[in-house]
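The structure appears right after this line, and notes come after that.
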Amino acid sequence: MARYFRAVAFDFDGTISTGGHRPRPEVLESIRRARSVGYQVLLVTGRILRELADVFPDYADHFDGIVAENGAVLNLHDEVRSLVPAVHPKLADALERDGVALRRGDVLVACHAGDGPAALNHIRELGLDCQLIYNRSELMILPAGVTKGTGVKEALEELDISHHSAIGVGDAENDLALLDEVELGVAVGDAVESLRANADLVMHAPNAEGVRELLDGPLLGGVDAVHSRRWQVPLGTDLNGLDVTLPASQSNVLICGESGSGKSHIAGLFAERLISLGYCVLIVDPEGDHLGLARMRDTVSVGARDGLPSPSHVVDLMRERLTSVVLDLSGVTRDVRAQYLKDLSLQIAVQRHTYGLPHWVLIDEAQDAPDSLNPSAQIPTQSNWGYCLVSWRPADLSDDTIDQVDSILVVSSAVPVGDAIRDVTRRITGLTENEIADTFEHMHQGQAFVGLRPKFGSSRVF
């Protein structure tokens, strides 16, 4: 499987560092290797930069950016700047008069966790809009709303990387916001229980060894995929009233049904929900069925009605603005459309290899499109994830394409599901012909069947 992620953001204390010391050489070597193959690596720490420099003076040499003071300060492109105004100095003055041992950063005030009640009293007395953030035995006082999540989002945006293309790794309570912001949240093996419970992946090894386990393991190498519990596409509820969802990344979906079943409508809803979650989606629309999606935030339509743009312009538009695009190909002849999509697929391959965008490509009437899931011989690193194919003739898709589909949605209509769709469903789900026949014969018009490859879960009607 090709590499999906583009950035990894690490906490410092208790994650890449043990005992507050400079990270060990073997950890820094793993980070160097990740950067050498194209990963942007960020350090996201609660520390004040001058205190970080005391134990790790060459920190800037090992990372593409540093988010310090728990999301309040950004060190990027050799520039250090505060992302928010500093906590009012009157608060630190009042705490010092009480004998509280504290440190002042560019924005935050840091002290011991036991000083929380005193800090809260003075915040109330002074009428300040501040928050208390705990990190094991430490306490940080920050402006309200500032977290590691807000800081890493700012850093990723400046690096032109979507938060859906990033992994966050931590060990303590203040890392919860970091893990929530990115696509995949990872806890090292000795993380606090609250972080372990909310993480998508918990490493076996503790602290820095857990970091090396991740960096040198199959996930970053593109060999394995982990689907986040937090980022799922809701489809509806099944016959037992349970939610039906599909992973919002690192998978391929086939939507099919007989002509007039409403499969394009379901596909439009699928794209709408992905866009709402902040994913970058390219919708290849040969009949103009999905132009309404362009009304969504961060979505535009381009295509035949205004002059067919070059394939490079389409992918540049998605990268430069993290924008979803509806590509209107209505009125374009089949031969012109086929050649255009072949050229576009090569541009997508380059764009995904370099920037990881678009996260999804939805191709309506996929039976008439080039075999977009078959990696190009010209670009061996082409990513083969994030395709949603819509077709009423799935048997016309190649065997290679079907083999890379992870889930199938079959939309029921007044016309019984034909043998071709049943055969493709069997190949993907592993269900027997009798099980498939029984399921489809009991489905009503307007219902849909979601079938998954056995390793991803069970099949259901919704």
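Note that the working numbering numbers the sequence shown so that position 323 is 317, with each residue one more than the last.
All C-beta atoms, glycine included, are put in the ideal place defined by N, C-alpha and C.
Under the three-state reduction of DSSP output, I269 falls in the helix class. Measuring C-alpha to C-alpha distances from L126 to each of H116, R118, R75 and G110 identifies G110 as the nearest. Shown here, T317 sits in coil according to DSSP, grouped into three states, outside any helix or strand. The beta carbons of A265 and V275 sit closer together than 8 Å. Ranking G445, V31, P17 and F4 by CA distance to the CA of C250 puts G445 first. Secondary structure of G162 (DSSP, three-state): strand. Nearest to V238 by C-alpha distance, out of S453, F6, H15 and P17, is S453.
Ranked by Cα distance from Y(-2), the first of E23, L70, L189 and Y381 is Y381.
Take A414, set aside five residues on each side of it, and the residues of its chain with a beta-carbon closer than 8 Å to its own are R387, P388 and A389, in chain order. DSSP, reduced to helix, strand and coil, places A112 within a helical segment of the structure shown. When the beta-carbon positions are compared, G65 and G145 come within less than 8 Å of each other. Under the 8 Å Cβ criterion, the region 155 to 166 counts as touching the region 6 to 14, having at least three qualifying pairs. The closest CA to that of P305, considering only P280, D329, V326 and Y334, is found on Y334. For Y334, the enclosing alpha helix (DSSP H) has its first and last residue at R328 to Y349.
Pairing Y349 with R313 gives a Cβ-Cβ distance under 8 Å. For Q226, the three-state secondary structure derived from DSSP is strand. The C-beta of V74 has fewer than 16 other C-beta atoms within 10 Å across all chains shown, which makes the residue exposed. Listed in chain order, the alpha helix (DSSP H) runs fully inside the region 198 to 224 are 201 to 209, counting runs of at least 4 residues. Close CB contacts of E207 within its chain, under the 7 Å cut and outside five residues either way in sequence, are with M197, H198 and A199 (chain order). Annotation for K147: H157 and E175 place their beta carbon closer than 8 Å to its own, counting only its chain and skipping 5 residues before and after.
Shown here, V81 sits in coil according to DSSP, grouped into three states, outside any helix or strand. Relative to S406, the option among R299, M290, S253 and L356 whose CA is nearest is S253. DSSP, read as helix, strand or coil, puts V399 in coil. DSSP places S188 inside the alpha helix (DSSP H), whose first and last residues are E187 to N192.
Residues A3, L172, L173, V176 and G179 of the same chain have their beta carbon placed closer than 6 Å to that of G162, with the five preceding and five following residues left out of the count. The Cβ atoms of L133 and A112 lie no closer than 8 Å to each other.
Residue pairing by DSSP puts M134 in a beta bridge opposite A104 and I127. Following the DSSP letters along the chain, one finds T423 in no beta strand (DSSP E) but inside the alpha helix (DSSP H) bounded by residues D413 to T423. Sorting Q345, L77, R289 and M290 by C-alpha distance to the C-alpha of H307 places Q345 at the top. Annotation for D283: S258 place their beta carbon closer than 6 Å to its own, counting only its chain and skipping 5 residues before and after. For a cut-off of 8 Å, the C-beta gap from G297 to L323 is around 6 Å, short enough to register as a contact.
With respect to the 8 Å criterion, V319 and D358 are not classified as neighbours on the basis of their beta carbons.
Check the Cα spacing between L153 and each of G59, G215 and I117: the tightest is with G59. By the criterion of a C-beta distance shorter than 6 Å, C105 is surrounded in its chain by V94, L96 and L133, once the five residues flanking it on both sides are discounted. D322 is bridged by DSSP to D279 and G297. Y381 carries a strand assignment under DSSP once its states are collapsed to helix, strand and coil.
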